[in-house]
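Visitor:
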Amino acid sequence: MFSEFLADYNYIVVIILMMTGLYVVFASRNLIKKLAGLSVFQTSVFLLYITISKVSGGQPPILEKAYAKDYAGLAPETLIAAAEGAGKAAKGHGYNLDITYSNPLPHVLILTAIVVGVATLAIGLSLVVRIREVYGTIEEDQIEKADYIYNLEGTAD
Amino acid sequence: MHDPHVLLRVISKFLIPIIALFALYVQFHGDYGPGGGFQAGVILAASVILYALIFGLDAAKKAFPPSWVRIGMTIGVLLYGGTGVVTWLLGGEYLNYSVLAHEASHGQHYGILAVELGVLVTVTTVMIAIFYAFGSRQPETDERDW
Amino acid sequence: MAVSLNASSVAIPTIALDIGLMALLVVVAFAIVRMRSLFAIVMLQGVYSLVCAAWFVSLDAVDVAFTEAAVGAGVSTVLMLAAMLLADRKSEPVPMKRQWGPLLIVLIAGAAMILAVGDMPNYGAANSPANSYVGMDYIARTAEDIDIPNVVTAVLASYRGYDTFGETVVIFSAGLGVLLLLGLNGNAGRWRAKPNGHRVFRPSAPAAAVSKTSDETKPNETKKRRGRPRKSKASTPDGGDK
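Protein chains in written order, with the numbering used here: chain W, 1 to 157; chain P, 1001 to 1146; chain L, 2001 to 2242.
1. Scan the region 125–137 of chain W for residues whose Cβ lies nearer than 8 Å to a Cβ of chain P and list them as they occur along the chain.
2. Closest Cβ-Cβ distance between Y1080 (chain P) and chain W: below 7 Å?
3. Any beta carbon from chain P within less than 7 Å of I2171 (chain L)'s own beta carbon?
4. Can you look up S2128 (chain L) in the DSSP assignment and give me helix, strand or coil?
5. Closer than 7 Å, CB to CB, is Y1132 (chain P) near chain L or not?
6. Please name the residues in the region 1065–1077 of chain P whose beta-carbon is closer than 8 Å to at least one beta-carbon of chain L, in chain order.
7. Hey, is A2070 (chain L)'s beta-carbon within less than 7 Å of any beta-carbon in chain P?
8. Per the contact definition of three or more C-beta pairs closer than 8 Å, is the region 132–151 of chain W in contact with the region 2099–2118 of chain L?
9. Whether or not the region 1007–1015 of chain P and the region 1084–1103 of chain P are in contact is what I'm after, with contact meaning three or more pairs of Cβ atoms, one per stretch, closer than 8 Å; do they touch?
10. Determine the direct distance from the alpha carbon of Y1097 (chain P) to that of D2145 (chain L), and round the result to whole angstroms.
11. Can you tell me which of the three DSSP states I62 (chain W) falls into?
12. Does the beta carbon of I1011 (chain P) come closer than 7 Å to any beta carbon on chain L?
13. I'd like to confirm the pairing. Which residues does DSSP put opposite Y101 (chain W) in its beta bridges?
14. What is the DSSP secondary structure of S2049 (chain L), counted as helix, strand or coil?
15. Here's the rule: buried if 16 or more other CB atoms are within 10 angstroms of the residue's CB, otherwise exposed. What is H1109 (chain P)?
16. Give me, in chain order, the residues of the same chain whose beta-carbon lies closer than 7 Å to that of A956 (chain P); leave out the 5 immediate sequence neighbours on both sides.
17. Report the rounded CA-to-CA distance for A2109 (chain L) versus G2135 (chain L), giving the unit in angstroms.
18. What residues of chain L sit near G1033 (chain P), judged by a beta carbon separation below 7 Å?
19. Is the shortest distance between the beta-carbon of V115 (chain W) and the beta-carbons of chain P less than 7 Å?
20. Which residues in the same chain as C2052 (chain L) place their Cβ atom closer than 6 Å to its Cβ, once the five residues preceding and following it in sequence are excluded?
21. Using the C-alpha atoms, what's the distance from V24 (chain W) back to S44 (chain W)?
22. Between which two residues does the alpha helix (DSSP H) harbouring D2119 (chain L) extend?
23. Here's the rule I'm using: 16 or more other beta-carbon atoms within 10 Å means buried, otherwise exposed. How should Y2138 (chain L) be labelled?
24. What's the call for E1103 (chain P), buried or exposed, on a 16-neighbour Cβ count within 10 Å?
25. Examine chain L for any beta-carbon lying closer than 7 Å to the beta-carbon of A119 (chain W), and answer yes or no.
26. Can you name the residues of chain P whose CB is closer than 9 Å to the CB of L111 (chain W)?
27. Residues of chain L with a CB under 7 Å from the CB of I1043 (chain P): which are they?
28. Does the Cβ of A2174 (chain L) lie closer than 6 Å to at least one heavy atom of the ligand HEM?
29. Under 8 Å Cβ-Cβ, which residues of chain L neighbour V24 (chain W)?
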């Protein structure tokens, strides 16, 4: 049971972080705090993706050159085998494809998502700034109250 | 004149060109190590933002005029899309860089370079634009200002 | 190179580092929930991003860590500080009776997700569905097709060029949206909107008072904007008659 938990502890921590961010979005009535919570939530989702992409014993997905020094000081038989391996690597333009690399696809997805995240955050913040200029507050309760009072007074300006 | 931030000014004046240089390193070394247009764009924008934070927004607007921002935003996207159009005209699919040179992998190199440059220009100028927009907004609209 | 294959010798310090970073993340996230000073919240959000970036390095995602450190901890913190300066310094406390509902929802959603964890592939599994097909194909084919070492750049710019083009356009339009909402010189929309849509234009803005040229253009703009609804009102009855 404990080993099972140890195998999955990453997911559980990420879920706790995600729910913390979501809680801030739901419970807080301040718009900037809400956006900070949204940012935490977003970063936790990135963590989930990157956790999935990890391959144990793997390297970052930057291809390594198949260096010649790897084959120095080996017995002739292994050298021949290594030369065959090098021929195979030469087909891959001299990159060593025998190493385990982590999965690059989630990295690409999250890389762009981070930058898009900051762009959308900027939109949200500028909306908050405009709301503050019109209502004089960024607390949701007071904004709702101002709207309610205004609607009671009618549409006549 | 006594300036309380003289240390900050001297050190950041020394650091800002290095940050900009590092952004270019990240941009053009992106094929070989971690990095690329997105990261380089943000770092280049960070150098301008740091300049604005230390020396004031007006000085930053002299160094990097807002008109550049407006032009750069569009040029970046057009550079990216234009690369696709060029590959189109050369007989390949949209954004298939293999047709850009005689050898497919060389064409891919050129294509990635052009596309990353487009991303760099867009991200840099958009980040600077967002910072300018927030930074030059007046904090409070007081009634006495009307 | 032989060292990297010997995973068991590296595993123990890595797990300790991971657990330390996770504990830090949980502490920072809970602190964000409890804090009321917006300045502290914004700075803690930057700390959260930076610790996340450290964990990304531990998870082999160096490009993502780089981006997260530059964007999440750098630019987004600066933006949130700038917005905070324009808005408010403190958030008001939320009464406890209004927190039970969100807490209940979050607990139910979290419990459902933790139940689903049993179906997820084990951490670091090389043969999980996510790590089996297209991602590993990219690694195998990048050396031949594109001939650059960084597979992430290759996938980003070449294999998934359409995606990245879309993201670039999204960033462009987000920048456009901010410029429309706030203005490049911070003087867009200096009118006071009424909550149900009535607009009351303020011809002179604080920014316009500084320079005379923009002061002269503002009233013209206002007239033009005021003229537009009248024109559309005049055109709609004509269309109705026909």
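Each residue gets a CB set at the ideal place from its N, CA and C atoms; glycine is no exception.
Guide: This is what the structure holds:
1. Listed in chain order, the positions of the region 125–137 of chain W with a beta carbon within less than 8 Å of a beta carbon of chain P are L125, S126, V129, E133.
2. Indexing the second sequence from 1 puts residue 1080 (chain P) at position 80. Chain W, which has no Cβ nearer than 7 Å to the Cβ of Y1080 (chain P), makes this no.
3. For the purposes of this step, residue 2171 (chain L) is taken as the residue at position 171 of the third sequence. Interface residue, yes.
4. Within the third sequence, the letter at position 128 stands for residue 2128 (chain L). Looking at S2128 (chain L) - three-state DSSP - the assignment turns out to be coil, as it is neither helix nor strand.
5. For this step, residue 1132 (chain P) is matched to residue 132 along the second sequence. With 7 Å as the cut-off, Y1132 (chain P) counts as an interface residue toward chain L.
6. P1066, V1069, R1070, M1073, T1074, G1076, V1077
7. Within the third sequence, numbered from 1, the residue matching residue 2070 (chain L) stands at position 70. Output row for A2070 (chain L): interface = yes.
8. no
9. no
10. Start at 1 with the first residue of the third sequence, and residue 2145 (chain L) comes out as number 145. Start at 1 with the first residue of the second sequence, and residue 1097 (chain P) comes out as number 97. Rounded to whole angstroms, D2145 (chain L) to Y1097 (chain P) spans 11 Å at the Cα level.
11. On the first sequence, position 62 is the one that residue 62 (chain W) refers to. Strand, per DSSP.
12. Translated into positions along the second sequence, residue 1011 (chain P) becomes position 11. Not closer than 7 Å to any Cβ of chain L, the Cβ of I1011 (chain P) fails to qualify, so no.
13. Residue mapping note: residue 101 (chain W) aligns to position 101 of the first sequence, counting from 1. Looking at the DSSP assignment, Y101 (chain W) forms a beta bridge with W:Q59.
14. Counted from its first residue, the third sequence places residue 2049 (chain L) at position 49. Three-state DSSP puts S2049 (chain L) in a helix.
15. The count along the second sequence starts at 1 and reaches residue 1109 (chain P) at position 109. By the 10 Å Cβ count, H1109 (chain P) comes out buried.
16. The question about residue 956 (chain P) has no answer, for chain P in this structure spans 1001 to 1146.
17. Against the third sequence, residue 2109 (chain L) aligns to sequence position 109. Against the third sequence, residue 2135 (chain L) aligns to sequence position 135. Between A2109 (chain L) and G2135 (chain L), the C-alpha separation is close to 30 Å.
18. Indexing the second sequence from 1 puts residue 1033 (chain P) at position 33. The contacting residues are N2150.
19. The sequence position of residue 115 (chain W) within the first sequence is 115, counting from 1. Yes, contact with chain P.
20. Residue mapping note: residue 2052 (chain L) aligns to position 52 of the third sequence, counting from 1. Excluding residues within five positions, the ones whose Cβ falls inside 6 Å are E2068.
21. Locating residue 44 (chain W) in the first sequence gives position 44, counting from the first residue. Locating residue 24 (chain W) in the first sequence gives position 24, counting from the first residue. Straight-line Cα distance between these residues: approximately 13 Å.
22. In the third sequence, residue 2119 (chain L) corresponds to position 119, counting from 1. Counting along the chain, D2119 (chain L) falls outside any alpha helix (DSSP H), and DSSP gives it neither H nor E.
23. Translated into the one-based positions of the third sequence, residue 2138 (chain L) becomes position 138. Per the 10 Å Cβ criterion, buried.
24. Taking the second sequence and counting its residues from 1, the one referred to as residue 1103 (chain P) is at position 103. Exposed, by the Cβ-count rule.
25. Reading the first sequence from its first residue, position 119 is the one you call residue 119 (chain W). For A119 (chain W), the closest Cβ of chain L is nearer than 7 Å.
26. Counted from its first residue, the first sequence places residue 111 (chain W) at position 111. Here the neighbours are G1036, F1038, Q1039.
27. For the purposes of this step, residue 1043 (chain P) is taken as residue 43 along the second sequence, with counting starting at 1. What I1043 (chain P) touches in chain L, judged by beta-carbon distance under 7 Å, is A2070, going in chain order.
28. Only the bare structure without any ligand can be found here, which leaves the ligand HEM out of the picture.
29. As a working mapping, residue 24 (chain W) is identified with position 24 in the first sequence. By Cβ distance, chain L contributes I2032, V2033.
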